[in-house]
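A.B. asks:
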Amino acid sequence: MSAYVLRRLLLVVPTLLGIMVLNFVVIQAAPGGPIEQMLAKVRGTAVEATARFGGAQQGEVAAGRRPGPQGEQTSKYRGAQGLDPAFVAKLEKQFGFDQPAHVRFFRMISSFLRFDFGNSFFRDRSVIGLVVDKMPVSISLGLWTTLLVYLISIPLGITKAVRDGSRFDVWTSGVVIAGNAIPSFLFAILLVVLFAGGRYFAWFPLRGIVSENWRELAWPALVADYLWHMVLPITSMVIGGFASLTILTKNSFLEEIHKQYVITARAKGLPERRVLYGHVFRNAMLIVIAGFPAAFIGVLFTGALLIEVIFSLDGLGLLGFEAALNRDYPVMFATLYFFTLMGLLLGLIGDLTYMLVDPRIDFESREV
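Taken in order, the sequence shown gives residues 447 to 814; the numbers are from the numbering used here.
(1) In three-state terms, what does DSSP make of N469?
(2) With H, G and I counted as helix, E and B as strand and the rest as coil, what does DSSP make of N565?
(3) For the alpha helix (DSSP H) that G479 lies in, which residues bound it at each end?
(4) Roughly how many whole angstroms lie between the Cα atoms of A532 and K539?
(5) Using DSSP bridges, identify the partner residues of S572.
(6) Which one of F470, G625, I598 has the shortest CA to CA distance from V549?
(7) For the alpha helix (DSSP H) that D671 lies in, which residues bound it at each end?
(8) Straight-line CA distance for A780 to I481?
(9) Cβ of A730 within 9 angstroms of Cβ of E702?
(10) For the alpha helix (DSSP H) holding D548, just list the boundary residues, first then last.
(11) So who's on the other strand from A648, going by DSSP bridges?
(12) According to the Cβ coordinates, are K487 and L765 closer than 9 angstroms?
(13) According to the neighbour-count rule (16 or more other Cβ atoms, all chains shown, within 10 Å of its Cβ), is T592 buried or exposed?
(14) Note down, one range per segment and in chain order, each alpha helix (DSSP H) of at least 4 residues found wholly within the region 601–632.
(15) Among A689, F568, G603, I655, which residue has its Cα nearest to the Cα of S698?
(16) Do the CB positions of Y775 and L691 come within less than 9 angstroms of each other?
Given below as structure tokens:
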């Protein structure tokens, strides 16, 4: 076991490095980097100043533009036409683009190994501070959604497998198909229209994870207010997530129920509940347990993006989306590094969980 864990941990290093290299190359090749973003803002300031004061000179001063012939290109960046090269060079140094790409990459990786993720380009805050501020929202969504999905899907899948072909199985299959067909964000919009003051009822709040006066409430009201705000986001995410796990659980149980060891256990006169949960459950749940880390990571960091936007929840998904739009490279690469590392480690934990469920699995003889 220890040798397998060591091999997997050593494999994390090249895997993580490869992911970071590929994403770095792709993002560097994409147009509209942070300097272009800043130049666009500077030109917007110039246009506003020109319109307000009625003169071109004010606009040139506001943009750091050097007077010169019309159409003169002074920089390799889009939007830098006619600007003072010294002004553009200052921006390059500010954002670290005065160094070659490979130097910037190795400097970034060196900082990440020390868990120094730097500061955001456009928020004037440390990346760690931003992530810590957004983490409670994403953890709330991820934990509640994953917990409810598993609590609903596993018993439902087992019941469907035991009563395969019955009227209950047919009707619940319709619900599962509908849940699998409707995207979470569409169901979230429907919930907003129905229950959040969109058109019919205003039973639940539309914005935020807690009320503005949340810290002033007594502790029972604190819990109630938090749960009140979480009902609609969690419901919309659970609807989209329970269907596939229910089908997976049912199929796993159906495969195990007809095996010889189950027939033998029933022939010995064991109660049906003991047969299902004492024998079948341990074998059927292997594939379900193996998918838990990936499911949790997906819900926690990516699956809640549109839900956070719809319900104005300021979490990690929204942070990553805004960082991609603004080309906020420190936030983009730091969150990619951190979440990829966490995903790889949780994948290892998922494999080790196999052994806890079924000790017959031998990791030492397994090739990585």
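Ideal Cβ placement from N, Cα and C applies to all residues, glycine included.
C.D. replies: In this structure, then:
(1) Position 23 of the sequence shown, counted from the first residue, corresponds to residue 469. Three-state DSSP puts N469 in a helix.
(2) Along the sequence shown, read from residue 1 onward, the residue named residue 565 stands at position 119. DSSP places N565 in strand when its eight states are reduced to three.
(3) What you label residue 479 is simply residue 33 of the sequence shown in a count that begins at 1. Where G479 is concerned, there is no enclosing alpha helix (DSSP H), given that its DSSP letter is neither H nor E.
(4) Translated into positions along the sequence shown, residue 532 becomes position 86. Translated into positions along the sequence shown, residue 539 becomes position 93. Using only the alpha carbons, I get a separation of about 10 angstroms.
(5) In the sequence shown, residue 572 corresponds to position 126, counting from 1. S572 pairs with N565.
(6) Stepping through the sequence shown from its first residue, residue 549 is reached at position 103. Answer by Cα proximity: F470.
(7) Translated into positions along the sequence shown, residue 671 becomes position 225. That run of the alpha helix (DSSP H) goes 665–703.
(8) Numbered from its first residue, the sequence shown carries residue 780 at position 334. Numbered from its first residue, the sequence shown carries residue 481 at position 35. Near 19 angstroms, if we compare the C-alpha coordinates of I481 and A780.
(9) Within the sequence shown, the letter at position 284 stands for residue 730. Within the sequence shown, the letter at position 256 stands for residue 702. Yes. Within cutoff.
(10) Within the sequence shown, the letter at position 102 stands for residue 548. The displayed chain sequence assigns His, not Asp, to residue 548. It spans 547–559 - the alpha helix (DSSP H) in which H548 sits, taken as one unbroken run.
(11) For this step, residue 648 is matched to residue 202 along the sequence shown. Note: A648 sits in a beta bridge opposite A642.
(12) Counted from its first residue, the sequence shown places residue 487 at position 41. Counted from its first residue, the sequence shown places residue 765 at position 319. Cβ distance not < 9 angstroms, so K487 and L765 don't count as in contact.
(13) Here residue 592 refers to the residue found at position 146 when the sequence shown is read from its first residue. Classification for T592: buried.
(14) 613–627
(15) By 1-based counting over the sequence shown, the position of residue 698 is 252. Measuring from the Cα of S698, the nearest candidate turns out to be G603.
(16) Walking along the sequence shown from the start, residue 775 turns up at place 329. Walking along the sequence shown from the start, residue 691 turns up at place 245. Result no, Cβ atoms of Y775 and L691 do not sit closer than 9 angstroms.
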